[in-house]
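The structure appears below as structure tokens.
In this note's numbering, the protein residues as written are 1 to 127.
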């Protein structure tokens with residue numbers, strides 16, 4: 001029964017595209033130089049944030065620019081691209097997926113954090 005809901009019209013079997021996807025595309029400006037970590041096991045991680053902007057009208061009807069900051073993680077070859085080309089103020093476009101993690105805050109209360117794991121990245125090179 002459930003299998004029929006996953007099938008595409010005119011398709012005899014469900015494909016990967018039929019499943020809900022965890023996919024994100026963002027473009028924005030990097031807020032600070034990335035942190036790059038090299039681990040003993042040979043893996044590389046880059047961590048940085050990008051800001052995206054949205055224009056909204058306030059209660060008086062004036063346009064306001066709202067900035068949302070997104071935390072980004074990049075592993076291995078993408079992390080190496082970040083280390084080489086990404087700096088504060090760089091404009092980046094990325095594709096990736098969302099990940100969440102629950103941590104304890106200073107009051108030992110659970111706090112959920114959402115971040116993006118980048119799998120593709122393009123950037124302008126600013127000096």
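The beta carbon of each residue, even a glycine, is placed where N, CA and C say it ideally should be. Computed from a predicted structure; not experimentally measured.
Item	Value
Residue 117 to residue 74, Cα distance in whole Å?	6 Å
Does the distance from the C-beta atom of residue 46 to that of residue 24 stay below 7 Å?	no
Specify the secondary structure class of residue 92 as computed by DSSP and reduced to three states.	strand
Give a yes or no on contact between the segment 52-68 and the segment 100-112, applying the rule of three or more CB pairs nearer than 8 Å.	no
At the level of alpha carbons, what is the spacing between residue 69 and residue 85?	20 Å
Could you give the residue range of the beta strand (DSSP E) that holds residue 114?	110-123
Which residue marks the beginning of the alpha helix (DSSP H) containing residue 82, and which one marks its end?	76-85
Could you check the C-alpha separation between residue 76 and residue 111 for me, to the nearest Å?	27 Å
For residue 29, list the residues DSSP reports as bridge partners.	51, 91
Which of helix, strand or coil does DSSP assign to residue 35?	strand
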